[in-house]
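Asks: Have a look at the structure that comes next, please.
2 protein chains.
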Amino acid sequence: MSLLFKKFRIHQIFGANTDVGKTILTSALVRASASLKNQVFYLKPVSTGPMRDADDEHVKCHAGSNKDLVHSHCLFRYDEPLSPHLAAKMAAEKDGRDVSVPSDETFVSSVASYIRRCASQSPAGAHMYVETAGGVHSPTLSGTTQLDSYRPLFLPTILIGDSKLGGISSTISSYESLLLRGYIVDSILLFKDTYYRNWEYLLPYFAERGVHVSALDAPPPREDDLDQNFTLTEQYYQSAVPEDHQGNLFDVLRRLDECHSQRIAELESMPGRTLDTVWWPFVQHGLVKDPMNVNVIDSAWGDYFSVYNGHKAISSLPAHSGTGNSLLEPQLDGSASWWTQALGHAHSSLTLAAARAAGRYGHVMFPEATHLPALKLSERLVKDGPGKGWASRAFISDNGSTGMEVAIKMALRAWTVRYGKGLANTIGAMDACEEGMYTCEWHQAKGYWFEPPSVSIRNGQTYITVPEAISKDGEIAVESMAWAYDIQKRLNTPLAQTYRQHIQGALERLEHRGGAPFAALVLEPLVLGAGGMVFVDPLFQRIMVDVVRGPSAASSKEWSGLPVIFDEVFVGLYRLGLQSTAPLLGVNPDISVYAKILTGGLLPLAVTLATDSIFQAFLSEKKVDALLHGHSYSAHAIGCEVANETLSIVQGLAEGREWDGAKEMWRELTPEREEAKVWSFWAPDFVHTVSNLGVVDEVMALGTVLAIKVKDRQGGYQSHSAQMIFKSLNLAVHGEAGGSSAPGGAPFSIHFRTLGNVAYFMTSLNTSSETTRSVEDAIWSVLKKAEEA
Amino acid sequence: MSLLFKKFRIHQIFGANTDVGKTILTSALVRASASLKNQVFYLKPVSTGPMRDADDEHVKCHAGSNKDLVHSHCLFRYDEPLSPHLAAKMAAEKDGRDVSVPSDETFVSSVASYIRRCASQSPAGAHMYVETAGGVHSPTLSGTTQLDSYRPLFLPTILIGDSKLGGISSTISSYESLLLRGYIVDSILLFKDTYYRNWEYLLPYFAERGVHVSALDAPPPREDDLDQNFTLTEQYYQSAVPEDHQGNLFDVLRRLDECHSQRIAELESMPGRTLDTVWWPFVQHGLVKDPMNVNVIDSAWGDYFSVYNGHKAISSLPAHSGTGNSLLEPQLDGSASWWTQALGHAHSSLTLAAARAAGRYGHVMFPEATHLPALKLSERLVKDGPGKGWASRAFISDNGSTGMEVAIKMALRAWTVRYGKGLANTIGAMDACEEGMYTCEWHQAKGYWFEPPSVSIRNGQTYITVPEAISKDGEIAVESMAWAYDIQKRLNTPLAQTYRQHIQGALERLEHRGGAPFAALVLEPLVLGAGGMVFVDPLFQRIMVDVVRGPSAASSKEWSGLPVIFDEVFVGLYRLGLQSTAPLLGVNPDISVYAKILTGGLLPLAVTLATDSIFQAFLSEKKVDALLHGHSYSAHAIGCEVANETLSIVQGLAEGREWDGAKEMWRELTPEREEAKVWSFWAPDFVHTVSNLGVVDEVMALGTVLAIKVKDRQGGYQSHSAQMIFKSLNLAVHGEAGGSSAPGGAPFSIHFRTLGNVAYFMTSLNTSSETTRSVEDAIWSVLKKAEEA
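Residue numbers (the UniProt record's numbering), protein chains in the order written: chain A, 1 to 789; chain B, 1 to 789.
Pasting the structure below:
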């Protein structure tokens with residue numbers, strides 16, 4: 001992941017094309033840095049072509065009178081003057097089986113560890129230039145293009161512009177491609193070609209966009225005579241890097257130094273500035289007053305944040321202290337950024353989808369209108385997504401909570417139309433939450449909440465825990481997780497009968513008591529998320545639906561009893577390994593809601609699906625009967641397009657083989673090794689072993705979610721026990737020995753959230769098993785320590 | 001704007017660089033199209049270099065045996081073999097004053113009208129190829145790069161890839177630049193260079209991204225001997241475009257035909273599919289059953305949608321009917337897409353800002369964390385934006401309504417803490433709206449709403465209209481708009497005294513009546529938007545604040561009386577020509593909310609600002625005291641970065657000269673031609689003239705907003721009178737004679753929204769005065785017709 005050192009300034013050099021003068025300008029920079037008595041490191045990770053043309057040789061030869069300060073190095077060298085991916089392939093073919101093409105992971109780790117080594121060897125500071133090959137999108141060894149390959153390292157960049165005919169275009173396009181990957185572009189350099197005068201155009205063009213462009217004298221044309229060529233080139237460098245340290249190139253150098261120190265100064269200032277101006281959601285500012293506790297996220301990639309650690313009194317990387325210590329360290333995004341991440345941060349397909357929609361539409365008016373991103377999203381969710389088989393309409397809103405608000409409005413109207421009663425004093429859309437820690441003076445709970453039985457693993461055994469109000473049985477050991485989630489098998493068990501009687505009894509009691517009638521059944525299927533990561537017994541939820549709908553439900557196209565809402569905002573779209581929970585529960589809702597994963601973790605959007613029977617309740621000739629809920633940015637194109645892209649990628653994962661390993665682990669636990677209805681990216685061995693620990697009360701895992709409830713007298717939201725036990729994940733060094741699973745191999749910390757005495761961890765849908773295993777290892781070591789304490 | 005013809009297929013050819021074979025491949029396409037007996041138009045809008053090299057000559061020469069079907073043309077030709085912007089500049093310099101460099105508008109109009117002419121001359125259908133110059137971002141005559149210059153025409157594109165070393169990179173980058181402008185890329189073509197083999201890489205790369213790549217045999221190397229060169233080239237074309245109509249190029253041709261007809265078929269199907277699956281916000285589906293009434297937005301640019309008209313029974317373009325009639329027409333986005341647009345649709349700076357943030361962060365966790373886009377946005381709004389001088393904190397949420405929800409939660413807590421009373425039965429966050437047309441069974445109004453006096457222009461005279469409940473005076477003629485908005489001057493008028501007494505009296509009466517206490521004052525300053533576009537007398541709002549705060553307010557840093565919330569979601573950030581309404585009202589709020597324009601009309605985001613005094617009410621050592629409101633995508637980087645970019649651009653506009661013309665028009669109406677405190681992009685002459693019409697009740701304009709209330713017996717939201725009168729704007733042809741203000745000069749329709757008997761129109765902050773004038777003309781002609789009826 002990102003590397004940033006206080007005194008060791010690194011810039012990565014990209015080219016707007018091949019043959020634009022990357023090596024020449026980099027050599028000049030190296031020479032200039034050395035002439036100012038800096039140690040200079042020149043790294044060309046990949047070099048192709050014959051040795052005598054090698055870039056690092058060229059740089060060394062022309063480093064000037066301070067060449068002893070210059071260290072040049074190449075990590076992967078190939079003879080063929082071809083694109084690296086072809087050169088590497090040819091070399092592998094030639095050398096036989098033993099030589100394989102390095103993977104992206106190996107490649108990035110090699111580059112990162114070389115950089116870290118250089119940094120630690122330069123306590124007094126140094127400059128480093130990392131020169132890429134060809135243009136910004138030229139493939140690296142594995143075939144991944146450079147922009148994407150190097151992205152985890154997130155080095156600030158210099159773009160060498162193209163001074164030839166057509167070079168304005170290639171320079172701007174290359175810049176835009178850098179931008180699409182979030183790169184910081186500190187400077188654009190190009191030759192002054194006095195005929196095409198590209199620099200005259202590019203200077204103001206980029207100035208308007210806040211990017212600095214410098215034009216430098218062009219080198220002499222290449223001579224066939226090698227000695228002659230060397231002499232002329234040396235003369236060029238002498239004039240470009242004069243002894244008096246004046247001129248364009250030294251201005252550039254000062255600028256690069258300034259960008260570097262400004263970036264560090266900014267990171268340093270961010271915690272304090274944030275505490276001064278920002279009002280965080282769900283945070284008691286009275287408890288977060290120390291700048292050290294502000295998590296400064298400089299960038300993110302895949303499953304990791306890249307966070308600043310310079311302001312932390314106790315460095316999280318004691319083993320790496322000293323000048324070689326990067327001010328940025330990888331931090332695993334263990335809560336999937338509040339349950340949103342599905343494909344990793346800064347996924348380039350999602351960025352491009354956002355760009356595509358913004359470029360084509362911006363945002364356009366939606367009521368009585370249509371556009372492709374919104375239409376395709378609606379059709380996809382209704383016909384091929386979680387609405388398949390029951391939904392007829394998609395209502396697009398801004399986020400999960402508005403999606404649920406829409407759902408409740410739909411249900412209330414449908415109920416009112418059928419039963420002809422007013423609801424003025426019954427249930428408000430925002431009040432469909434139980435009283436609790438997070439409900440305040442503006443909240444009025446309007447509803448009845450069943451205390452749910454739950455599924456969990458304790459001491460290696462799966463249990464159904466039934467609240468006393470429902471049954472005296474308490475904890476019921478069951479044969480397996482697979483069995484617990486096999487509703488069809490369980491429908492005729494005595495427990496099902498107990499549930500049915502309990503639910504019927506409660507509803508009848510409430511009805512006799514008088515007061516407000518019920519107008520909807522709202523479920524968060526399988527897992528109550530914000531409610532404490534409770535894995536509800538699915539049988540209970542199924543029977544709840546059955547009871548509320550009554551016996552005639554199955555035969556009717558109309559909703560029956562009460563409208564049933566599935567809040568799948570958190571649990572849907574494979575968060576729990578299932579596209580929708582409906583097939584597992586064996587019943588379809590009348591209304592359901594999707595958000596979070598819907599947009600792949602990039603930006604908010606929600607969709608509420610409904611049956612035609614619900615839609616009909618709003619249909620009339622009168623405007624006032626319409627669903628009068630709307631946001632000005634309703635169905636914004638950028639959100640819908642990102643959602644479409646996400647659903648395509650997720651469908652690819654669901655239909656592909658990438659999840660097979662995880663599914664196989666859980667299959668082994670099923671009675672006859674049949675395909676598991678429920679499975680998880682977290683290993684069953686790990687889950688069972690952890691559940692045997694003395695400090696652990698119970699554990700559960702479904703899909704991407706792992707929840708560990710620790711033993712605690714207090715419990716609930718007020719508890720801090722999970723926070724205390726797992727606290728060291730935030731600081732500890734994971735994967736230190738022999739490279740971590742973070743790209744580049746640096747040790748990483750884990751960012752996680754707790755809900756009272758429950759700590760939960762969440763992967764994306766494409767998190768590598770190596771990463772998941774390494775998080776399990778980290779959790780294990782923390783729990784072991786707590787166990788021993 | 002966009003051009004799309006049923007039988008006249010157009011493709012625009014972009015190059016990944018200069019010298020990649022654009023002209024050769026285009027010539028081959030032209031020849032292939034002609035060989036299949038199609039009329040073929042080849043358009044090279046700009047050509048530079050000596051005549052003998054002219055692309056159109058080359059195309060004609062090699063058109064093959066069906067060359068009589070080929071029409072080639074160039075619109076702007078320059079001798080110098082330079083980038084068009086330099087060639088045009090040199091020509092203008094050489095030819096003296098009379099020859100100026102064509103503007104973007106002239107350029108696009110020339111291209112569009114040539115295309116339309118060709119289309120209308122080809123009733124049986126034809127193929128057209130529009131070849132650009134150089135790379136995708138090479139500048140056109142004005143200096144704007146091609147991607148941006150041609151964007152209003154939104155022609156489907158073919159990208160000619162680069163087959164040379166480095167060409168993988170330039171091809172991908174060029175594609176990404178096309179994508180950032182929303183272009184449809186139907187095909188990528190490139191030569192099979194058997195040494196670099198770029199096509200082998202690009203084929204699967206783009207297949208993964210859903211884009212088709214074809215590799216075609218490379219032409220022979222250029223010969224110095226002209227005749228020899230011609231012969232070899234002709235042989236190449238003969239083999240590339242064989243007589244048997246087989247081979248790669250014909251596959252490409254079939255593909256292009258298919259893309260064209262699929263696009264039209266999709267547009268045709270969209271209205272029906274939308275009516276089948278989409279549930280629109282705020283729309284009674286029972287009233288919109290006819291596909292004809294579905295507005296199909298194919299793309300958007302600047303102030304215009306590009307809408308499909310093929311499904312409309314009555315064509316909106318009768319004058320242009322026939323085969324030359326584009327299936328896409330410009331439609332002015334007259335409601336600024338529900339009040340969101342500030343800089344026009346698909347503004348490339350906003351797209352790039354979104355891309356930059358998505359590429360660097362994706363979305364990252366915000367509570368207890370920080371990242372640059374969110375921090376900068378917070379600081380900017382608090383310190384240099386509407387919060388300057390009073391706000392200390394920024395709370396970022398998802399949209400205007402959640403921003404207001406947060407504001408109300410803030411106020412209620414502050415009130416509760418100070419007065420120590422519970423609020424359980426007082427006001428719910430979502431119930432702070434008056435009962436009305438748009439409040440339904442889930443709504444409980446909790447508050448008191450003052451009937452506001454208003455400002456308007458009737459028969460050319462500015463009036464303050466005072467409700468009878470406040471005063472018997474009724475309509476008070478005042479000397480000018482400028483005077484009406486000069487609060488300082490009006491504070492000691494008798495009307496001010498009347499207002500004060502009325503407000504005090506009402507509050508005392510309500511207090512004596514008992515019941516719930518008031519806990520906050522909520523204002524939508526200057527204009528009640530959704531409430532019917534009512535321009536409230538600012539004096540009344542000022543005095544309301546003064547009364548609620550009491551006499552001690554000014555001297556205290558603490559909030560006084562009740563917390564005051566300014567809902568500036570709609571009115572703030574220059575929608576009314578003012579960054580904030582506070583300076584005009586002469587009082588700062590304790591809490592204020594911004595959204596809509598905040599993100600330039602691209603995607604939703606909101607910020608709630610608050611004073612330190614409000615913030616303190618949540619500060620303690622207990623989590624439960626925190627502001628427990630949050631969304632999982634809180635402060636998403638993409639929204640914050642787009643907001644930062646928007647605020648920079650808007651600040652540039654506010655500080656620059658672009659609004660001077662509009663301000664000057666209004667200055668002329670001030671007593672001593674002093675700078676007007678209030679002004680509008682709408683012309684005062686127009687406003688006054690319209691106000692004199694018999695069908696018009698009153699008119700008002702502030703900033704970007706124009707509201708016209710038509711006379712109507714019914715009034716209010718139930719009224720359809722404005723809808724009836726202005727209906728023809730949706731269909732009428734505007735700017736037909738001599739080119740419209742829409743880019744490309746095609747006649748346009750106007751999309752608008754009404755609120756009962758009020759029709760409103762809204763510009764962006766950068767709408768050209770030509771466009772505003774042409775909308776005024778259109779409105780005028782519709783009103784004149786109503787007047788005469």
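C-beta atoms are modelled at their ideal positions from N, C-alpha and C, and glycine is treated no differently.
Keep in mind it's a predicted model, so treat the numbers as computed, not measured.
(1) So which residues on chain B does S620 of chain A lean against when the C-beta distance must stay under 8 Å?
(2) Measure the C-alpha to C-alpha separation of A133 of chain B and T18 of chain B and round it to an integer number of angstroms.
(3) Find the residues of chain A that neighbour T145 of chain B, judging by a C-beta separation of less than 9 Å, and give them in chain order.
(4) Classify L226 of chain B as buried or exposed, calling it buried when 16 or more other Cβ atoms lie within 10 Å of its own Cβ.
(5) Do we get a CB-CB distance below 8 Å when we pair S316 of chain B with the residues of chain A?
(6) With respect to the beta strand (DSSP E) encompassing L179 of chain A, which residues constitute its N-terminal and C-terminal limits?
(7) Please classify H512 of chain B: does DSSP put it in a helix, a strand, or coil?
(8) What does A411 of chain B touch in chain A if you count any residue whose Cβ is under 7 Å from its own?
(9) Please find out if some non-hydrogen atom of the ligand NAP comes closer than 7 Å to the beta-carbon of E80 of chain A.
(10) So with CB distances below 8 Å, who are the chain A contacts of V364 of chain B?
(11) Can you name the residues that DSSP bridges to G302 of chain B?
(12) Kindly give me the distance between the Cβ atoms of G334 of chain B and V775 of chain B, rounded to whole angstroms, as I take these residues to be in contact under 8 Å.
(13) Can the beta-carbon of Y150 of chain A be found less than 8 Å from the beta-carbon of Q12 of chain A?
(14) Counting only beta-carbon separations shorter than 8 Å, does F107 of chain B have a partner in chain A?
(15) Using three-state DSSP, classify N425 of chain A as helix, strand or coil.
(16) State the CB to CB distance for the pair L381 of chain A and G387 of chain A, rounded to an integer number of angstroms; the pair is presumed to be in contact (CB under 8 Å).
(17) Label R753 of chain A either buried or exposed according to how many other C-beta atoms from any shown protein chain fall within 10 Å of its C-beta, with 16 as the threshold for buried.
(18) Under a Cβ-count criterion, where at least 16 other Cβ atoms within 10 Å of its own Cβ denotes burial, should T231 of chain B be classed as buried or exposed?
(19) Please name the residue, chosen from A:D712, A:L755, A:V130, A:S691, that lies closest to K784 of chain A on a Cα-to-Cα basis.
(20) What do you get for V569 of chain A, buried or exposed, if any count of 16 or more other CB atoms within 10 angstroms of its CB means buried?
(21) Determine the DSSP secondary structure at M700 of chain A, reduced to helix, strand or coil.
(22) So for Y594 of chain A, helix, strand or coil by DSSP?
(23) Near E268 of chain A, which residues of its chain fall below 7 Å by C-beta distance, leaving aside the five closest residues on each side in sequence?
(24) If you draw a straight line from the alpha carbon of K472 of chain B to that of I708 of chain B, how long is it in whole angstroms?
(25) Chain B partners of residue 799 of chain A, CB-CB under 9 Å?
(26) Does the Cβ of L317 of chain B have 16 or more other Cβ atoms within 10 Å, making it buried, or fewer, making it exposed?
(27) Taking all protein chains shown into account, do 16 or more other C-beta atoms lie within 10 angstroms of the C-beta of V624 of chain A, making it buried, or fewer, making it exposed?
(28) Which residue spans inside the stretch 53-101 of chain B form an unbroken beta strand (DSSP E) run of at least 3?
(29) With three or more C-beta pairs closer than 8 Å as the rule, is the stretch 53-70 of chain A touching the stretch 161-173 of chain A?
(30) How many Å lie between V364 of chain A and S337 of chain B at the Cα?
(31) For A394 of chain B and W279 of chain A, what's the separation of their Cα atoms in angstroms?
(32) For T26 of chain B, return the contacting residues in chain A, with the cut-off set at a CB-CB distance below 9 Å.
(33) Does the stretch 648-659 of chain B touch the stretch 618-637 of chain B, meaning 3 or more C-beta pairs lie closer than 8 Å?
Replies: To lay it out plainly:
(1) To locate residue 620 of chain A, count along the first sequence from 1; it is residue 620. What S620 of chain A touches in chain B: Q284, G286.
(2) Here residue 133 of chain B refers to the residue found at position 133 when the second sequence is read from its first residue. Here residue 18 of chain B refers to the residue found at position 18 when the second sequence is read from its first residue. Rounded to whole angstroms, A133 of chain B to T18 of chain B spans 8 Å at the Cα level.
(3) Your numbering for residue 145 of chain B matches position 145 in the second sequence. The answer, in chain order, is I168, S169, I172, Y205.
(4) The count along the second sequence starts at 1 and reaches residue 226 of chain B at position 226. By the 10 Å Cβ count, L226 of chain B comes out exposed.
(5) One-based indexing of the second sequence puts residue 316 of chain B at position 316. The predicted model places S316 of chain B with a pLDDT of 47, which falls under 50 and marks its position as unreliable; any figure quoted below should be read in that light. It does not; no Cβ of chain A falls within 8 Å.
(6) For the purposes of this step, residue 179 of chain A is identified with residue 179 of the first sequence, where counting begins at 1. Per DSSP, L179 of chain A belongs to no beta strand (DSSP E); it is in the alpha helix (DSSP H), 167-180.
(7) As a first step, residue 512 of chain B is located in the second sequence; it is residue number 512 there, counting from the start. DSSP places H512 of chain B in the helix class (H, G or I) of the three-state scheme.
(8) Position 411 of the second sequence, counted from the start, is the residue given in the question as residue 411 of chain B. Those within 7 Å of A411 of chain B in chain A number zero; the least Cβ separation is about 10 Å.
(9) Within the structure as shown, the ligand NAP is missing, as the structure has no ligands at all.
(10) Looking up residue 364 of chain B in the second sequence gives position 364. Under the 8 Å cutoff, chain A gives I297, A300, F305, D333, S337, H345.
(11) Within the second sequence, numbered from 1, the residue matching residue 302 of chain B stands at position 302. Note: G302 of chain B sits in a beta bridge opposite B:H345.
(12) Position 334 of the second sequence, counted from the first residue, corresponds to residue 334 of chain B. Position 775 of the second sequence, counted from the first residue, corresponds to residue 775 of chain B. About 7 Å separates the two Cβ atoms, so the contact holds.
(13) Position 150 of the first sequence, counted from the start, is the residue given in the question as residue 150 of chain A. Position 12 of the first sequence, counted from the start, is the residue given in the question as residue 12 of chain A. Yes, the Cβ-Cβ distance between Y150 of chain A and Q12 of chain A is below 8 Å.
(14) Here residue 107 of chain B refers to the residue found at position 107 when the second sequence is read from its first residue. No, its Cβ sits nowhere closer than 8 Å to a Cβ of chain A.
(15) One-based indexing of the first sequence puts residue 425 of chain A at position 425. Unreliable placement is indicated for N425 of chain A, whose pLDDT of 47 sits below 50; the coordinate value is still reported in the next sentence. If DSSP states are grouped into helix, strand and coil, N425 of chain A belongs with coil.
(16) On the first sequence, residue 381 of chain A is found 381 positions in, with the first residue counted as 1. On the first sequence, residue 387 of chain A is found 387 positions in, with the first residue counted as 1. About 5 Å separates the two Cβ atoms, so the contact holds.
(17) What you label residue 753 of chain A is simply residue 753 of the first sequence in a count that begins at 1. So R753 of chain A ends up on the buried side.
(18) To locate residue 231 of chain B, count along the second sequence from 1; it is residue 231. T231 of chain B should be labelled exposed.
(19) To locate residue 784 of chain A, count along the first sequence from 1; it is residue 784. Out of A:D712, A:L755, A:V130, A:S691, A:S691 has the C-alpha closest to the C-alpha of K784 of chain A.
(20) In the first sequence, the residue the question calls residue 569 of chain A occupies position 569. The residue in question, V569 of chain A, is buried, as its Cβ has 16 or more Cβ neighbours within 10 Å.
(21) What you label residue 700 of chain A is simply residue 700 of the first sequence in a count that begins at 1. Strand, per DSSP.
(22) Within the first sequence, numbered from 1, the residue matching residue 594 of chain A stands at position 594. Correct three-state label for Y594 of chain A: strand.
(23) Sequence index remark: in the first sequence, residue 268 of chain A carries index 268 (1-based). Hits under 7 Å: G310, H311.
(24) As a position in the second sequence, residue 472 of chain B is number 472, starting the count at 1. As a position in the second sequence, residue 708 of chain B is number 708, starting the count at 1. Their Cα atoms are separated by approximately 25 Å.
(25) Nothing can be reported for residue 799 of chain A, as the shown portion of chain A is limited to 1 through 789.
(26) Stepping through the second sequence from its first residue, residue 317 of chain B is reached at position 317. Interpretation of L317 of chain B is limited by its pLDDT of 48, a score under 50 that renders its predicted location unreliable; the figure taken from the coordinates is listed afterwards. That one is buried.
(27) The count along the first sequence starts at 1 and reaches residue 624 of chain A at position 624. With fewer than 16 Cβ atoms within 10 Å of its Cβ, V624 of chain A is classed as exposed.
(28) 70-78
(29) no
(30) In the first sequence, counting from the first residue as 1, residue 364 of chain A sits at position 364. In the second sequence, counting from the first residue as 1, residue 337 of chain B sits at position 337. Each residue's alpha carbon lies about 6 Å from the other.
(31) Taking the second sequence and counting its residues from 1, one reaches residue 394 of chain B at position 394. Taking the first sequence and counting its residues from 1, one reaches residue 279 of chain A at position 279. Whole-angstrom Cα-Cα distance: 6 Å.
(32) Indexing the second sequence from 1 puts residue 26 of chain B at position 26. Within chain A, no residue comes near T26 of chain B; the closest Cβ sits about 17 Å away, beyond 9 Å.
(33) no
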